[in-house]
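In the numbering used here, the protein residues as written are 87 to 181.
As structure tokens, the structure follows; a few thoughts come after it.
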């Protein structure tokens, strides 16, 4: 079973290939994804990497807090996204 790793505080210029390259010294990377803003198409400054559990733990220990392109990375085990309540429809201004 793969572990998903959260990678935060990424430089906005970071690519999926660069993130993969950063993690590969710790073991095979099954996937690397930089999260992009839907409206602008630009990076949101975080992403996710999937690795085998033992290698994932080693990568987290090694890379958390490490400086990468002028930014200190935040690297930890990804958590399940919290469920959001139903969204209310937009009603516009009420005059």
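The C-beta atom is built at its ideal place from N, Cα and C for all residues, glycine as well.
What you are looking at is a predicted structure, and each value in this text was computed from that prediction instead of being measured.
According to DSSP, simplified to helix, strand and coil, what is residue 160? strand
Quick one: is residue 103 buried, meaning 16 or more other Cβ sit within 10 Å of its Cβ, or exposed? exposed
Give the DSSP bridge partners of residue 118, in chain order. 135
Looking only at its chain, what residues have a beta carbon closer than 8 Å to the beta carbon of residue 141, apart from the 5 residues adjacent to it on each side? 112, 113, 114
Within the continuous alpha helix (DSSP H) that includes residue 106, where are the two ends? 102-109
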